[in-house]
Amino acid sequence: MQDVRDALYVGHRSDGTLTRRPMSPHLQVYRFRLSMFLSIANRAAGVAATVGSALGICWISAAAKGPKSFAKVRKVTGHPLGKLALAGWALALVYHFVAGIRHLMWDSGARFEKKEINEDGPVAAGVTVGVTLALVASILGVAACRSKKRAS
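In terms of our numbering, the sequence shown opens at residue 2 and continues consecutively.
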């Protein structure tokens, strides 16, 4: 062995003899692509959706606890940062759902060519943004109608 790094490439065959193992290419070898970002974003969206769902459980439990607890939660969710967090939760849920459908298609063998994967990435991002905007707008619209109704 000429170098300490050579030790990292040495492995053992099943009969016990030494062999040199190929090293996987490093991230610097790859050009960053949209499909790479979407894969990472899918994992992050899964975590964000889980955290948001846990907060949703807290919201439901506050509603069950009584009007005093629920008033505190409404104060938090009514704040602009609370609304932004809810919109982010909706984005995470929608994107994780869209990416899940994409993965189901791949698991069936459909749209798994490199060209098709690169074409589907922007579509998945567009569908996510569109559905999230429609969902958030409809929720805010219903909330506005309910607050007007309560005021009159």
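Glycine included, each C-beta is placed from N, C-alpha and C at the ideal position.
Looking at the DSSP output, T20 sits in a beta bridge with G12. If you look at V48, you'll find it in the alpha helix (DSSP H) that goes L35 to K66.
Annotated three-state conformation of E114 is coil, per DSSP.
Within the same chain, L39, V99, A100 and R103 come within 7 Å of A125 by CB-CB distance, once the 5 residues on both sides are set aside. By the criterion of a C-beta distance shorter than 8 Å, C59 is surrounded in its chain by V74, once the five residues flanking it on both sides are discounted.
Taking C-alpha positions only, K149 is separated from L87 by approximately 21 Å. Within its own chain, no residue has a Cβ closer than 8 Å to the Cβ of A111 once the five positions on either side in sequence are excluded. Going by DSSP, H97 is part of the alpha helix (DSSP H) stretching over P81 to D108.
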